[in-house]
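Student: Counting from 47, one number per residue, gives the positions in the sequence shown under the numbering used here. The beta carbon of each residue, even a glycine, is placed where N, CA and C say it ideally should be. Let me give you the structure first, and then I'll get to my questions.
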Amino acid sequence: MIEQQKTPPLINTAWTKALEEAKKISLPNRLSKRPQAEGFTIDGPTSKDLDDAIWVRTADDAGVTILVHIADVAELVKIGSALDQAAMVRARTLYHRQGNTPMLPYALSENLLSLMPNQQRPTLTVEIALDQNAEIRKVDLYETQLVSCKRFSYEEADKACNDPSHPLHDQLKLCQRWAAKLSKRRKASGAFGGMVGAGDTLLDEEGRIIDSPGGNFHSQRIIMEFMILANRAVAQWCADRDLPILYRNHTAKVIAPERSELIQALFTSGNVAMMRQQLQNWLNRAVYSPALVGHFALNLTAYTHFTSPIRRLPDLINHRIIKAVLQEQASPYPSVELSNIADHIEDVNRQAEESSKAFFKEQAKAEHSKQLAKVEGLTQLSAKEFTRVLRHGIRENNVAPLKPALNQRLSDGSLAIHDLFLLLLENQDNALQEIALEALKSRVCDAPSIMSIANNILPQWEEVSFIEQKSKKNFVCWAVVTVDGQSMTSRLPGAGKKKQLAKHHGCFAWLNAHVSGKLVEPEQRQLPSGAEPQPNLIKDDSELKKHPSLTTHLKDGQNFIGLLGELCQSNQWALPSYSMTEVDDGFLCTCEGKAGDIPYKGEGTGTRKKQAKKLAAKEALRFLQTAL
């Protein structure tokens, strides 16, 4: 959603003409000659611009035919008309906290073209025959007329799916079953767009995390799978015919990891904020183009947008092209014109996103400035809100009001890892850096996490690597950070009897050297001369009872909370404590305890408390597997 901006006079003139033209439009009589389609809509509870309806027909060979009926906007909005010119200017509907700024006047977008129940509407139908494995066998496109039999909200559709007495119960169960098959097949093919990641996070078709404050409904998954299927089917139908349309292309950045590594990160990490940042670092923006490139997040050779012509210009353009082909006419858009339209759409989308970001950024800055002015209230902020205010204070060079609250959180050990990152690597106040270092001494195991956050967030950080050596009694490790092409490390390494402990101390040594301005080039590093390495906190490996959880590969479905509890009991350690914090993305759970004298900690984020707790226990187990 973005905030509405002031509209230039030229746009107001085009819109005024479009409003006048919309009043004169009515449905053509020839609609009755089209075949009658059956279907229903599922949308958000307040949606009025209903673009698409769905239906599923079973087949004799265990397959099905999925039908997606899409509002035939091109039937009423003609090329060169005032409505067309207004749509070209706006390019998409903008959604706000209250209402929207439509691409087409409400008389069309929320009335004459919207697939409202019990109203005859012109539609384009994408008919997709699937075999029993959810593989596409055949695709047909044709003009239809639809009288939607029902308008569901997501919540209503879920309830009907669980109510055998509902008239559409069987149809919804069929939709749900085949949506699950489609999702399973896409995931097996290497797609991550339109999937559910770790912590029940929902990813859109481009792999971006969707904020869904109302919860994730099963019917949302139905619509997402069916729309991806329809868009994919139309794109391949056009590609097979060498038909230039506006394809939706998506690529990964050069620095992105291999697909398998990227997917593993998305489906195992419980840190939603980290996932969001990684995806932003790894993936390019999706763009429209008549040149076919493919879609990285969906792992498809061809993809397009076709299912939302009421609110998206590319879909309307593609409808016009395909309607021309169905009527055995030439495409109304030469390739050069399509390229120009694609560039225009990207400009409009970019401007809208920049305006939205600027608006919300200024709004947040104003709120955080108010909070900084009320020093007495800073100690009462939640952990997440304190991190936001701390970031704002550091970037505005106004950390003085935060010092009492910082000292309190330092003394009670409640500073979050992200707070330490901000204090050590974004803050320029050396006194605060020294205080943060002192706090980190008692939780050295968090040092690698701070380095990882920096590597994901700071654009000048290119790589974090490690140089490890083994002596007779212990391991030593230097953390090496490459910033703007220059690699720097600490002169002396971190040391420990375990590799992982040495790595923790190596990261701490790097942060210490960074704060004191004593980083050196890797060639200048030195081994400690006659100095005893930092001792391992475990007295002796023989005293540790090797519970199976220390060697078991951790995978989804395991009882991580139970495994961690059994490990603690078998070694007579105190059971871990779990604390829960409500955050924007759901709940953040922190799992903390001691393995002998070694402190351990795991964090997990989920839309439900149970999910967050499970992921926190998993992260704690993962740490113990490497540390012990």
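Quick check on the burial criterion: 16 or more other C-beta atoms within 10 angstroms. Buried or exposed for asparagine 582?
Tutor: Position 536 of the sequence shown, counting from 1, holds the residue named residue 582. For asparagine 582, the predicted structure reports a pLDDT of 40, less than 50, and the residue's modelled location is therefore unreliable. A value from the coordinates is still provided. By the neighbour-count rule (16 or more Cβ atoms within 10 Å), asparagine 582 is buried.
Student: Between the Cα of threonine 597 and those of Asn146, Arg278, Leu670, spot the shortest distance and give me the residue it belongs to.
Tutor: To locate residue 597, count along the sequence shown from 1; it is residue 551. Ranking the options by Cα distance to threonine 597, first place goes to Leu670.
Student: Please state the DSSP three-state secondary structure of threonine 104.
Tutor: The residue given as residue 104 occupies position 58 in the sequence shown. Strand, per DSSP.
Student: Contact check, leucine 470 vs isoleucine 496 under 8 Å by CB: the rounded distance?
Tutor: Your numbering for residue 470 matches position 424 in the sequence shown. Your numbering for residue 496 matches position 450 in the sequence shown. Leucine 470 to isoleucine 496, Cβ: 6 Å. Contact.
Student: If you follow the beta strand (DSSP E) that valine 114 is in, where does it begin and where does it stop?
Tutor: Translated into the one-based positions of the sequence shown, residue 114 becomes position 68. Element bounds for valine 114: 110-117.
Student: Can you grab the Cα-Cα spacing for the pair isoleucine 584 / proline 645, in whole Å?
Tutor: In the sequence shown, the residue the question calls residue 584 occupies position 538. In the sequence shown, the residue the question calls residue 645 occupies position 599. Because isoleucine 584 sits at a pLDDT of 38, beneath the cut-off of 50, its placement in the model cannot be relied upon, and the following sentence gives the value as read from the coordinates. About 11 Å.
Student: Kindly indicate the opening and closing residues of the alpha helix (DSSP H) around valine 561.
Tutor: As a first step, residue 561 must be located in the sequence shown, where it is residue number 515. Looking at the DSSP string, the run of the alpha helix (DSSP H) that includes valine 561 is 545-562.
Student: According to DSSP, is proline 163 part of a helix, a strand, or is it coil?
Tutor: For the purposes of this step, residue 163 is taken as residue 117 along the sequence shown, with counting starting at 1. Note: proline 163 maps to strand in three-state DSSP.
Student: Return the bridge partner residues of serine 623 from the DSSP annotation.
Tutor: The residue you call residue 623 lines up with position 577 of the sequence shown. Paired residues: Glu638.
Student: Exposed or buried, what is lysine 549 when buried is set at 16 or more other beta-carbons lying within 10 Å of its beta-carbon?
Tutor: On the sequence shown, position 503 is the one that residue 549 refers to. With 16 or more other Cβ atoms within 10 Å, it is buried.
Student: Would glutamine 397 count as contacting chain D if we go by Cβ distances under 7 Å?
Tutor: Absent from the structure is chain D; it holds one protein chain and no more.
Student: Can you list, in chain order, the stretches of the alpha helix (DSSP H) that have 4 or more residues and sit fully within the region 303-342?
Tutor: Listed in chain order, the complete alpha helix (DSSP H) runs (minimum 4 residues) inside the region 303-342 are 305-314, 318-328.
Student: Just mark alanine 658 as buried or exposed, buried being the case when its beta carbon has 16 or more other beta carbons within 10 Å.
Tutor: By one-based count along the sequence shown, residue 658 stands at place 612. Burial call: buried.
Student: Count the CB pairs spanning the region 236-254 and the region 263-275 that are closer than 8 Å, and state whether there are at least three.
Tutor: These segments touch.
Student: So serine 229 is in the beta strand (DSSP E); what residue range does that whole segment cover?
Tutor: Within the sequence shown, numbered from 1, the residue matching residue 229 stands at position 183. Where serine 229 is concerned, there is no enclosing beta strand (DSSP E), although the alpha helix (DSSP H) it sits in stretches over 215-234.
Student: Using DSSP bridges, identify the partner residues of threonine 353.
Tutor: Taking the first residue of the sequence shown as 1, we reach residue 353 at position 307. None, per the DSSP bridge assignment.
Student: Which same chain residues end up closer than 8 Å to histidine 365 when comparing Cβ atoms and leaving out the 5 residues on each side of it in sequence?
Tutor: In the sequence shown, counting from the first residue as 1, residue 365 sits at position 319. Ile116, Asp118, Val119, Ala120, Leu170, Phe352, Pro355.
Student: Are three or more beta carbon pairs between the region 291-311 and the region 119-138 nearer than 8 Å?
Tutor: Not touching, per the Cβ criterion.
Student: Suppose contacts are defined by Cβ-Cβ distances below 7 Å. Is phenylalanine 86 in contact with serine 194 by that definition?
Tutor: By one-based count along the sequence shown, residue 86 stands at place 40. By one-based count along the sequence shown, residue 194 stands at place 148. Going by C-beta atoms, phenylalanine 86 is nearer than 7 Å to serine 194.
Student: Let me check understanding here. Comparing Cα to Cα, which of Ser377, Arg358, Gln375 lies closest to valine 394?
Tutor: One-based indexing of the sequence shown puts residue 394 at position 348. Answer by Cα proximity: Arg358.
Student: Is there contact between the region 73-84 and the region 335-350, where contact requires at least three CB pairs shorter than 8 Å?
Tutor: With a cut-off of 8 Å, the region 335-350 and the region 73-84 do not count as touching, because too few Cβ pairs lie within range.
Student: Measuring straight from C-alpha to C-alpha, what distance separates methionine 162 and alanine 311?
Tutor: Mapped onto the sequence shown, residue 162 falls at position 116. Mapped onto the sequence shown, residue 311 falls at position 265. So the two alpha carbons sit approximately 41 Å from each other.
Student: Here's the rule: buried if 16 or more other CB atoms are within 10 angstroms of the residue's CB, otherwise exposed. What is lysine 196?
Tutor: Counting from one through the sequence shown, the residue named residue 196 turns up at place 150. Buried, because 16 or more other Cβ atoms sit within 10 Å of the Cβ of lysine 196.
Student: Spatial neighbours of leucine 344 within its chain, please: C-beta separation below 8 Å, excluding the five flanking residues on both sides.
Tutor: Position 298 of the sequence shown, counting from 1, holds the residue named residue 344. Here the set comprises Arg232, Ala237, Gly239, Gly240, Glu251, Ile274, Arg278, His296.
Student: Enumerate in chain order the residues of its own chain whose CB-to-CB distance from asparagine 262 is below 6 Å, with the five nearest sequence positions on each side excluded.
Tutor: Along the sequence shown, read from residue 1 onward, the residue named residue 262 stands at position 216. The residues are Leu248.
Student: Given this structure, state the Cα-to-Cα distance separating arginine 322 from glycine 253, to the nearest angstrom.
Tutor: Against the sequence shown, residue 322 aligns to sequence position 276. Against the sequence shown, residue 253 aligns to sequence position 207. Taking the straight line from one Cα to the other gives about 9 Å.
Student: Between the alpha carbons of cysteine 637 and cysteine 207, how many angstroms are there, rounded?
Tutor: As a working mapping, residue 637 is identified with position 591 in the sequence shown. As a working mapping, residue 207 is identified with position 161 in the sequence shown. Computed Cα separation, rounded: 37 Å.
Student: Who are asparagine 295's beta bridge partners in DSSP?
Tutor: Taking the sequence shown and counting its residues from 1, one reaches residue 295 at position 249. Its beta-bridge partners are Val333.
Student: Are there three or more Cβ pairs, one per stretch, closer than 8 Å when the region 181-188 is compared with the region 152-161?
Tutor: Verdict: no, contact absent.
Student: What is the residue span of the alpha helix (DSSP H) that proline 360 lies within?
Tutor: As a working mapping, residue 360 is identified with position 314 in the sequence shown. Segment 359-372, the alpha helix (DSSP H) holding proline 360.
Student: Grab the span of the beta strand (DSSP E) containing serine 533 for me, first residue to last.
Tutor: Counting from 1 along the sequence shown, the entry for residue 533 is found at position 487. Residues 532-535.
Student: Would you mind sorting serine 160 into buried or exposed? The rule is 16 or more other CB atoms within 10 Å of its CB.
Tutor: If you number the sequence shown from 1, residue 160 lands on position 114. Buried, by the Cβ-count rule.
Student: Hey, how far is the Cα of serine 402 from the Cα of asparagine 327?
Tutor: Residue 402 sits at position 356 when you count from the first residue of the sequence shown. Residue 327 sits at position 281 when you count from the first residue of the sequence shown. If I take the Cα positions, the gap works out to 20 Å.
Student: Rounded to whole angstroms, what is the Cα-Cα separation between alanine 577 and alanine 302?
Tutor: Counting from one through the sequence shown, the residue named residue 577 turns up at place 531. Counting from one through the sequence shown, the residue named residue 302 turns up at place 256. Note that alanine 577 scores a pLDDT of 47, beneath 50, so its modelled location is shaky and nothing firm can be said.
Student: Below 8 Å on the Cβ atoms is my guess for threonine 425 versus histidine 464; work out the distance and round it to an integer in Å.
Tutor: Taking the first residue of the sequence shown as 1, we reach residue 425 at position 379. Taking the first residue of the sequence shown as 1, we reach residue 464 at position 418. Contact flag wrong, Cβ pair sits at about 18 Å.
Student: If you draw a straight line from the alpha carbon of glutamate 67 to that of threonine 314, how long is it in whole angstroms?
Tutor: For the purposes of this step, residue 67 is taken as the residue at position 21 of the sequence shown. For the purposes of this step, residue 314 is taken as the residue at position 268 of the sequence shown. Whole-angstrom Cα-Cα distance: 53 Å.
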